[in-house]
Amino acid sequence: MASFGPGELQMKVLQHLALPLTAPTIQIALALEVSPKRVSKAAASLVDRGYISRDRPGIYKITFRGLQAIADGKVITSGPVDASSNVLSRPETNGFRDRVWRSMRLRGTFTISDVVCDAVDGERDAMTNAGSYIRVLKSSGYVSELPGRRKGTKPGSNGLKRFRLDRNTGPRAPLHRSKLGIVHDFNTGEDIPCR
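Note that the sequence shown ends on residue 787 in the working numbering; no numbers are left out.
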């Protein structure tokens with residue numbers, strides 16, 4: 593028997609259905625070397641997500657959305673389909689990164705020091721935290737680094753890197769989900785991969 597995690601098995605079922613377009617549970621189970629019960633459970637999740645449909649009991653068919661997900665290289669995770677039941681529905685907060693995001697939105701172009709001065713409220717390692725957040729936003733296309741540097745305040749300084757906010761999607765700060773390698777945007781509902 594093969595060993596797949598829940599999200600992994602959903603991907604395998606979806607990919608298996610891409611070739612014949614329609615297949616019964618038992619055929620998928622034999623091809624993937626897992627129990628029919630696990631295939632049924634994975635298929636039920638894929639039906640909920642709209643990637644496959646049930647032709648008849650025990651027979652599944654890939655949908656256009658499922659084919660598109662494969663073509664786009666989408667990675668299915670085992671998390672809940674309903675955003676109201678996980679972290680993605682968290683209430684609006686006023687944490688340090690939320691304040692950094694608001695500062696970036698107001699300024700448009702900024703340095704790490706600029707947004708830290710605007711956002712700090714007694715946080716330890718605020719410069720490190722803001723720098724990490726800006727790197728994540730840069731890797732997901734929200735922020736870009738501008739050429740040239742602003743003059744530094746210390747003697748011998750190379751200057752301060754300047755950044756520009758390219759994707760101002762709304763008031764809620766994008767959330768970095770490091771285990772998944774994505775940034776979730778509460779304003780658009782999108783999950784953007786980090787490069």
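Beta carbons: idealized from backbone N, C-alpha and C, even for Gly.
How would you label M696, buried or exposed, when you count the other beta carbons within 10 angstroms and need 16 or more for buried? Looking up residue 696 in the sequence shown gives position 104. Answer is buried; the Cβ neighbour count reaches 16.
What does the Cβ neighbour count give for K604, buried or exposed, with the cut at 16 atoms within 10 Å? As a working mapping, residue 604 is identified with position 12 in the sequence shown. The C-beta of K604 has 16 or more other C-beta atoms within 10 Å across all chains shown, which makes the residue buried.
Using the C-alpha atoms, what's the distance from V775 back to Y643? On the sequence shown, residue 643 is found 51 positions in, with the first residue counted as 1. On the sequence shown, residue 775 is found 183 positions in, with the first residue counted as 1. Looking at the backbone, the Cα of Y643 and that of V775 are separated by about 22 Å.
Under three-state DSSP, which class holds P766? By one-based count along the sequence shown, residue 766 stands at place 174. Coil.
C-alpha gap between D777 and G665, whole angstroms: As a first step, residue 777 must be located in the sequence shown, where it is residue number 185. As a first step, residue 665 must be located in the sequence shown, where it is residue number 73. Straight-line measurement puts the Cα of G665 at about 20 Å from the Cα of D777.
In this structure, how does DSSP classify Q602 when only helix, strand and coil are distinguished? Position 10 of the sequence shown, counted from the first residue, corresponds to residue 602. Helix at Q602.
Report yes or no: do three or more beta-carbon pairs, one from the stretch 739 to 757 and one from the stretch 696 to 714, lie closer than 8 Å? These segments touch.
C-alpha gap between L606 and G658, whole angstroms: The sequence position of residue 606 within the sequence shown is 14, counting from 1. The sequence position of residue 658 within the sequence shown is 66, counting from 1. Computed Cα separation, rounded: 7 Å.
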